[in-house]
Structure formats: structure tokens, C-alpha cells
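Under the working numbering, the sequence shown has 1458 at position 333, and the numbering climbs by one with no breaks. Right, one structure below, let's go through it.
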Amino acid sequence: MTVQAPLIDRFARAITYLRLSVTDRCDLRCTYCMPERMTFLPRAEVLTLEELHKIALAFIARGVRKIRLTGGEPLVRRDMLQLVQALGRQLGDGLDELTLTTNGTHLAQFADDLAAAGVRRVNVSLDTLDRATFASLTRRDQLPQVLEGIAAAKAAGLKVKLNTVALKGLNEAEIPELVAWAHSQGHSVTLIEVMPLGEVDGDRFDHYLPLDAVRRDLESRWTLVPNAERSGGPARYVDVAETGGRLGFITPLTGNFCEGCNRVRLTATGQLFMCLGGEAQVDLRAAVRSDDPQAALDAAFARAMGEKPERHNFVIDRAGAAPALARHMSTTGG
Ligand code: SAM
């Protein structure tokens, strides 16, 4: 595919990474992510497979080289595999990488097909290895399915990275064990601070755990060797000498990571968010449904590049404070 004018924002950042949310629905109800009775979007508002594909191709034509499918839970969307297969055909033709972020509950079923379509790596969210903690954290007793999914991904030849949200009093004590287990299986782990996105049933402040404290704890057990690798994303990495594995830290609250931001996020309804922590958005569904989608998408991309903010502004410093943003992570695409 011939790349036309690349997408460059006002701060000279090239946008090469699209996170595409294919559904806002999820089969888990992680307590820090959404309430038990979550209101999901009406299905009619969600982009069709053809629209998702068309928009993704328009991004690739403008220089996006990596696409991550997310949600909600991407693997609960029925035609998800068709989208993966269609986008997989762009690998080597504009697209360098097609990947997804999943909770793993359906991964055992899809791992082989994902690998066959050209997916090489998956991120699996896993906050605990303890079945009872998993059941209370996600409000669903599905740890065995997730572990089976992770094993199936490995067997299919996919590289697995685990994403773990660090939660005070919930999985805090278990983090070293989880990291050691992941490394023993050949998986890397990235730890994430909980972010104030959307109303949940409890108060996230109760479980907010700054990663500098976690890092100090890990340093008292292991030798953490800083690694210069940057994925173009917010994570900072270390290698753990004792386990031979890689460990990442994403610290939206205690460390700013916006200067190298190369990404934008499309919701399942076609709203393009230029920042996970900002309100600026551009409607790509209207563009793709217009009489001249190509021209309308290009105009929307130009508006988006003009509106991408320099940085986000999360704060989680007061018990009971309203979320910084009303939008849930599952809406924007985590
Ligand atoms: N269902 C998929 C999954 O579980 O990976 C993809 C979507 S999920 C919203 C993506 C990631 O966002 C998960 O790792 C989840 O733990 C994380 N997440 C959700 N809400 C969060 C919050 N308020 N702060 C930090 N991480 C959050």
C-alpha cells in the first residue's frame, strides 16, 4: 500500500499506532473497570465489520503501522476473527504488526486462528493467580479458562505479555509470585497503575497503589536491570536478573509519558480519541458513512491531528473524588 501524507500532530509526533476497540462489551466485570450493571452501547451504534475494516485501511494508508484490537473484550465480538483475517492481509503491505489485548477467557478457542492470520503477540490481562481473588476482582470465576487461554496462545506460537493492574490490598502481596510465574512460562509482565476512568461501584482510591512502592519491594528481592527498550508506548522496562524475564511499569499517575505518544484510539462507535486521558474526539463513523468517505476521513484526520493534546492530566489523590473522566476504559479501548 502506498502511504500518503503521514499523520503528524501539532507537537511533531507521528501517529503510527491505532488501538481499535471492536466492542465495548465484556464477559468480565473487573471491579476497578466497570460496575456490575454496566450500561453498554446499543448494538446499532457500533461500527460494522466493513466500517472497521475501511477505517483501519484509511489509517494504514496514512502511515499507521501497528494496530491493536481491543475493547471491551475483543474476542466476544462474533465477527472478530474475520476482521483479524482481513487486517492480517495488510501485514507486510503497510502494516508491521497486528495484535490484540484480551482477558483470555476465549483465547483457547481462537489462539490457532489468530496465529494463522498473522498475529504474533497478544497482551493478556491477568491481575492474580489466585482463583478466589480472581473471582472477586472480575466478579466471574474464570481463572481456569484464562490460564488455559494463555497456555493455548503459547502453544500456538504467540508471544504473550501479561498486563497486571497493581491494586493495594487486593493483589499487592502476590505481585512477585505472579511475575515469577509469568517469567517461568516465558511471558513478560507489565504492571499498571489504576486510572480514574469512569464510575465503578467502589472507590478506586482505596486500591490505588503507586508503582514506585511496588518497584522498591521487587528491588529488595531481585536485581532489576533497566532496559532501554521502548515500545513507543508508556511502559518503562527492566530485566529481572534472577528470573531472566522482562518487566514493564506503566505509571500514568506518578510519571508522565506523553512526549513520545504515537497512538490514537477508536471506540467501537467510531469516535476517535487522541488521548486516553482527554476529551477531544473526532467522529469517524459519520465520515465513513458519508457520501465521500475518503475525503471525509481525510478531513477528520486533519482535525484529529490539530486536536491531539500535548499531555493528559490524571489525578487520583482524593478519596471519593469523581473520576477524572466519565468514560470507562472499556469504552475508549484499553
Ligand atoms: N478485555 C480486554 C482485556 O481485559 O485486556 C481489553 C480491554 S481492558 C479495558 C484493557 C486493560 O485495561 C486491562 O488490562 C484492564 O485491566 C485495564 N483497565 C481497565 N480499567 C482500568 C483502570 N481504571 N485503570 C487501569 N487499568 C484499567
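We put the beta carbon where it would ideally sit given N, CA and C, even for glycine.
{"Query": "Alpha-carbon spacing of Val1171 relative to Gly1229, whole angstroms", "Result": "23 Å"}
{"Query": "First through last residue of the alpha helix (DSSP H) which encompasses Gly1431", "Result": "1418-1432"}
{"Query": "DSSP three-state assignment for Thr1263, whether helix, strand or coil", "Result": "helix"}
{"Query": "Gly1197: CB within 7 Å of a non-hydrogen atom of the ligand SAM", "Result": "yes"}
{"Query": "Cβ-based neighbour list, Leu1268, same chain, cut-off 6 Å, excluding 5 preceding and 5 following", "Result": "Arg1256, Phe1259"}
{"Query": "Selected residue, minimal CA-CA separation from Gly1311, among Glu1175, Arg1202, Ala1278", "Result": "Ala1278"}
{"Query": "Contact check, Val1285 vs Val1247, beta carbons under 8 Å", "Result": "yes"}
{"Query": "Nearest-angstrom Cβ-Cβ length linking Arg1187 and Ala1130, presumed shorter than 8 Å", "Result": "7 Å"}
{"Query": "Cys1383 Cβ short of 7 Å to the ligand SAM heavy atom set", "Result": "no"}
{"Query": "Short Cβ contact (8 Å threshold) for Asn1296 with Ile1317", "Result": "no"}
{"Query": "Cα-Cα separation, Arg1436 to Cys1400", "Result": "8 Å"}
{"Query": "Exposure label - Arg1214; buried when at least 16 CB within 10 Å", "Result": "exposed"}
{"Query": "Length of the line joining the Cα atoms of Gly1431 and Pro1301", "Result": "43 Å"}
{"Query": "Sequence-distant residues of the same chain with beta carbon closer than 7 Å to Gln1406, five excluded per side", "Result": "Gln1396, Leu1397, Phe1398"}
{"Query": "Coil, strand or helix - Glu1318 by DSSP", "Result": "strand"}
{"Query": "Which listed residue (Tyr1333, Val1325, Glu1299, Thr1368) has its alpha carbon closest to that of His1453", "Result": "Val1325"}
{"Query": "Secondary structure of Gly1385, DSSP reduced to three states", "Result": "coil"}
{"Query": "Any non-hydrogen atom of the ligand SAM closer than 7 Å to Val1407 Cβ", "Result": "no"}
{"Query": "Touching by the beta-carbon criterion (3+ pairs, under 8 Å), the segment 1227-1246 and the segment 1195-1210", "Result": "yes"}
{"Query": "As assigned by DSSP and simplified to three states, the class of Arg1286", "Result": "Note that residue 1286 is Lys in the sequence shown, not Arg. Residue state, collapsed to three classes: strand."}
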